[in-house]
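J.: A single structure is presented below for examination.
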Amino acid sequence: MADENVGAGTIVERSEFKGKPILILKRNAEDKYPFSFGVSKAKLMVENIEEIKKFIQENS
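The opening position of the sequence shown corresponds to residue 0 in numbering that gives the first Met the number 0, with each subsequent residue numbered one higher.
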């Protein structure tokens with residue numbers, strides 16, 4: 000499906016897995032280990048975005 004370039008080289012692809020929509024995040028076009036997730040995990044991340052930001056700050 001469609002690819003989008005977002006931010007500093009990040010690539011976002013929309014696809015499907017077992018008939019359900021997923022997002023695939025890649026650091027760049029050669030990323031061997033992309034991060035993919037569906038709607039349920041996306042909702043969980045959005046609901047907990049402040050904890051995710053805190054985690055990044057504490058561990059960067």
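We put the beta carbon where it would ideally sit given N, CA and C, even for glycine.
Cutting at 7 Å between CB atoms, please list the residues of its own chain near L24, excluding the five before and the five after it.
T.: Stepping through the sequence shown from its first residue, residue 24 is reached at position 25. These residues qualify, in order along the chain: T9, V11, P33, F34.
J.: Could you spell out the range, first to last residue, of the alpha helix (DSSP H) harbouring E29?
T.: The count along the sequence shown starts at 1 and reaches residue 29 at position 30. Taken as a continuous stretch (DSSP letters only), E29 belongs to no alpha helix (DSSP H), as it is neither H nor E.
J.: Starting from S35 and walking both ways along the beta strand (DSSP E), at which residues does that stretch end?
T.: Against the sequence shown, residue 35 aligns to sequence position 36. Per DSSP, S35 belongs to the beta strand (DSSP E) from 34-37.
J.: Just to confirm before moving on: does the CB-CB distance between F36 and I51 stay below 8 Å?
T.: Residue 36 sits at position 37 when you count from the first residue of the sequence shown. Residue 51 sits at position 52 when you count from the first residue of the sequence shown. Result no, Cβ atoms of F36 and I51 do not sit closer than 8 Å.
J.: Where does K17 sit, in a helix, a strand or coil, going by DSSP?
T.: In the sequence shown, the residue the question calls residue 17 occupies position 18. The answer is coil: DSSP assigns K17 none of H, G, I, E or B.
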